[in-house]
Amino acid sequence: MTSGCVFCAVVAGESPADVVLDEPDLLGFLDRRPVFKGHVLLVPRTHVETLPDLPASLRDPFLEAAQRLATAVVEGLGAQGSFVAMNNTVSQSVPHLHLHVVPRTKGDGLRGFFWPRTRYEDGEAPTYAARLRETLPGPVTGGD
25 MTSGCVFCAV VAGESPADVV LDEPDLLGFL DRRPVFKGHV LLVPRTHVET LPDLPASLRD
85 PFLEAAQRLA TAVVEGLGAQ GSFVAMNNTV SQSVPHLHLH VVPRTKGDGL RGFFWPRTRY
145 EDGEAPTYAA RLRETLPGPV TGGD
């Protein structure tokens, strides 16, 4: 954990979050300023700043969790698809590796790399987190 890191504080339970995915090495939670409601951030529990810094042992679990979250936004929220993105250093608002999984629907207005933000109404975020948790597939185990 790195002192002063917003996401390390979330991982440590020091800052509140609407958790969607809670696993030994990874945490997924709703973005407080979502592009669209149901926008999830996936972070490694260990403080890692960028994708090149991610330990090899976490590469597959990180991507596998991203796949499951992309499925959950479709099945749990009725989205038609998802937008999955990650910044490294430039435009990275928090210097802790995080992957965005944003629910998408045709005609939703998202164009290019302009990310308008919305807000949850009071008490609405936990409902979105619960809907995603309910449809989030479990971890995939085993090999090829």
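In the numbering used here, the protein residues as written are 25 to 168. Just so you know, even glycine gets a beta-carbon here, dropped at the ideal spot from N, CA and C.
Host alpha helix (DSSP H) of residue i (start-end)
i: residue 84; result: 80-101
i: residue 128; result: Looking at the DSSP string, residue 128 is not in any alpha helix (DSSP H); the run it does join, the beta strand (DSSP E), is 123-128.
Burial state of residue i (16 or more Cβ within 10 Å)
i: residue 92; result: buried
i: residue 106; result: buried
i: residue 100; result: buried
i: residue 44; result: buried
i: residue 80; result: exposed
i: residue 163; result: exposed
i: residue 168; result: Because the pLDDT at residue 168 is just 48, under 50, the model does not fix this residue reliably, and the value given afterwards should be weighed accordingly. Under this definition residue 168 is an exposed residue.
i: residue 62; result: buried
Closest by C-alpha distance to residue i, when choosing among the options
i: residue 104; options: 32, 29, 135 and 129; result: 129
i: residue 158; options: 119, 96, 133 and 111; result: 96
Short Cβ contact (8 Å threshold) for residue i with residue j
i: residue 126; j: residue 59; result: yes
i: residue 51; j: residue 86; result: no
i: residue 54; j: residue 42; result: yes
i: residue 67; j: residue 122; result: yes
Host beta strand (DSSP E) of residue i (start-end)
i: residue 53; result: 50-54
May I ask you to verify whether the segment 108-120 touches the segment 145-161, counting CB pairs closer than 8 Å and requiring at least 3?
-> no
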